[in-house]
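Everything below concerns the one structure shown next.
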């Protein structure tokens, strides 16, 4: 389900600066103004670069058109009562919990107190093929024992040897991994580091998976939120450690929420065979297999403008787990008042609008785009004939009736979408003012 949520991630907030006025009217819809500020916020909510609005006139026109279409569809949806539609309420609530959970995680864990044992290390890692003890294993072991270790004992530079012999991504940095939380390292490397003094390296290869490693310890420190900048100047390395610490904090928080007696999950033992099968309850949410299938179908409609009746069990399971996790986090976020943040409310308004207009659009197009059997037969027969009339005369196994149907449906869908949106813009008298 991750692919369906890719557009629901936490929205970045940045400041837009311009010498122009935010009240400038850039377009009109039924003689009602679309102002610069509204376009900026609409674009910001979609994480579109403000630079694009300033420098690309055609892109700005296209976005104004998209914003106008969204507002027009919202007007139609509201006037028809579509905002009270049960399917819309289902998808709206799911999107809300997803966005609130993302917002909570990005804000609640922004400044974390932590204390992590970290090691500043370098590594020479050589991979071997086949089983340990095999021919390639012995050949790679010989490189370490007969070349690398003797060179190190003669005082040759560890980084130079890593650049020459190492086979992992750190090779380009002379084997330097920088500071790494010990808990992020493989168990074998952790054990090796614990026996090393600062500046020392392992005197025999450390076997990790299908690799043989020589590890050098520069130093070990206890990193905290207070001293991390003292020890680590590189922003990328600091960012990597912050991300790790945040993941740990989020995971700990989620486990604590799942341990609450009011949270009940049967997902791990579910069979997903019966739509009425109970999956979980969290906060004021109770979810069955049928509920998850409905959510999946609605997201297929939003994303791909198609409907589906059946889903693989694993897709149902991963979706149920995500919805359960987000229900728990969203409930905690509301308890702590994050849903009342002005910033959250501002961007949720745009996301709510996008959800309503997107589902209304998808519903309209699905109900009005169709491919008849006669159309499919004619196009499929024509495609087969052209293929057989080609030089090779070889049939393309990928040219199936389903593939032809999909291609024909997409073509008709695009034409109807374009024609419908053009008609809406005309009906609602959309026009640009020419203001830069």
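Residue numbers (my numbering): 226 to 661.
All residues carry an ideal CB built from backbone N, CA and C; glycine is no exception.
Predicted model only: the values in this text are computed from it and were never measured.
| Asked | Found |
| --- | --- |
| Which word fits residue 518, buried or exposed, when buried means at least 16 other C-beta atoms lie within 10 angstroms of its C-beta? | buried |
| Taking the straight line between their C-alpha atoms, what separation do you get for residue 314 and residue 473? | 33 Å |
| What is the rounded straight-line gap between the Cα of residue 468 and the Cα of residue 398? | 22 Å |
| Could you say which of 569, 658, 650 lies nearest to residue 296 if we only look at CA atoms? | 650 |
| Could you give the C-beta distance for residue 497 and residue 445, rounded to a whole number, given that I count them as a contact under 8 Å? | Between residue 445 and residue 497 the Cβ distance is about 48 Å, and since that is not below 8 Å, they are no contact. |
| Starting from the C-beta of residue 415, find all residues in its chain whose C-beta is less than 7 Å away, skip the five residues before and the five after it, and write them out in chain order. | 407 |
| Considering just the uninterrupted stretch of the alpha helix (DSSP H) at residue 266, what are its terminal residues? | 261-270 |
| Any contact between the segment 499-506 and the segment 428-441? By contact I mean 3 or more CB pairs, one from each, below 8 Å. | no |
| Would residue 308 and residue 581 be called neighbours here (beta carbons separated by less than 7 Å)? | yes |
| Measuring CA to CA, which of 384, 262, 560, 640 is closest to residue 482? | 560 |
| Rounded to a whole number of angstroms, what is the C-alpha to C-alpha distance between residue 393 and residue 458? | 24 Å |
| Take residue 231 and list the residues in its own chain whose beta-carbon comes closer than 8 Å to its own, dropping the five residues that flank it on each side. | Any reading at residue 231 needs caution, since the residue's pLDDT is 46, under 50, leaving its predicted position unreliable; the model's value is listed next. Closer than 8 Å at the Cβ level, and outside the excluded window around residue 231, lies no residue. |
| For the candidate residues 318, 644, 252, 403, whose alpha-carbon lies nearest to that of residue 511? | 318 |
| Measuring alpha carbon to alpha carbon, tell me which of 558, 556, 532, 521 ends up nearest residue 540. | 521 |
| Can you give the Cα-Cα distance for residue 369 and residue 359, rounded to whole angstroms? | 16 Å |
| Tell me the DSSP bridge mates of residue 186? | Outside the displayed range of the chain (226 to 661) lies residue 186, so it cannot be described from this structure. |
| What residues match up with residue 339 in a beta bridge as DSSP calls it? | Per DSSP, none; premise fails for residue 339. |
| Go through its chain and collect everything with a Cβ distance to residue 618's Cβ below 8 Å, but skip five positions before and after it. | Caution is warranted here: a pLDDT of 49 is assigned to residue 618, below 50, making its placement in the model unreliable, and no coordinate value can be reported. |
| In whole angstroms, what is the alpha-carbon distance linking residue 546 and residue 626? | 36 Å |
| Taking the alpha carbon of residue 553 as the reference point, which residue from 592, 343, 330 has its own alpha carbon closest? | 330 |
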